[in-house]
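Every letter in the sequence shown is one number past the one before it in my numbering, and letter 59, counting from 1, is 57.
Presented below is the structure to which this report refers.
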Amino acid sequence: QVQLVESGGGLVQAGGSLRLSCAASGRTFSSFDMRWFRQAPGKQREFVAHISISAFTVYADSVKGRFTISRDNAKNTVYLQMNSLKFEDTAVYYCNAFSSTLGTYWGQGTQVTVSS
-1 QVQLVESGGG LVQAGGSLRL SCAASGRTFS SFDMRWFRQA PGKQREFVAH ISISAFTVYA
59 DSVKGRFTIS RDNAKNTVYL QMNSLKFEDT AVYYCNAFSS TLGTYWGQGT QVTVSS
């Protein structure tokens, strides 16, 4: 079992920055690929960024060049650095842990609101 707790969301002006954190419980954090997803009001949840066990990263086109995902296995934490935020980045951001053998887990989400 893995529990994920996101933090770092809030209200920011367009052009500003936020850093989201996702702290994982358990001793198997390094065995999971980690992702960030987001869901805006009235829209489906969408992929934002991925970091693999070996720190290979993938980004949605909409955030490429502005967001950076990273992980600290010693702290059981994954981060999402968000720069040059836009109004359309407003959403609830969710942390996801995925392993083909250990399962998939979600956090409760953290709200990011970007004012235009």
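Just so you know, even glycine gets a beta-carbon here, dropped at the ideal spot from N, CA and C.
The continuous beta strand (DSSP E) containing Ile49 extends over residues Glu44 to Ile49. The stretch 1 to 88 contains, as complete beta strand (DSSP E) runs of 3+ residues, the segments 2 to 5, 8 to 11, 16 to 22, 31 to 37, 44 to 49, 55 to 57, 65 to 70 and 75 to 80 (chain order). Rounded to the nearest angstrom, the gap between the Cα atoms of Thr111 and Arg36 is 12 Å.
Cβ-Cβ distances below 7 Å link Ser114 to Ala12 and Phe85 in the same chain, with the five nearest sequence neighbours on each side left out; the list follows chain order.
Check the Cα spacing between Ser19 and each of Gly101, Met80, Ser50 and Phe96: the tightest is with Met80. Spanning the alpha carbons of Gln(-1) and Ser60 requires a straight line of approximately 32 Å.
In the DSSP assignment, the residues bridged to Thr108 are Tyr91. If you draw a 10 Å sphere on the C-beta of Leu9, you find fewer than 16 other C-beta atoms in it, and that means exposed.
The three-state reading of DSSP puts Thr102 in strand, counting E and B together.
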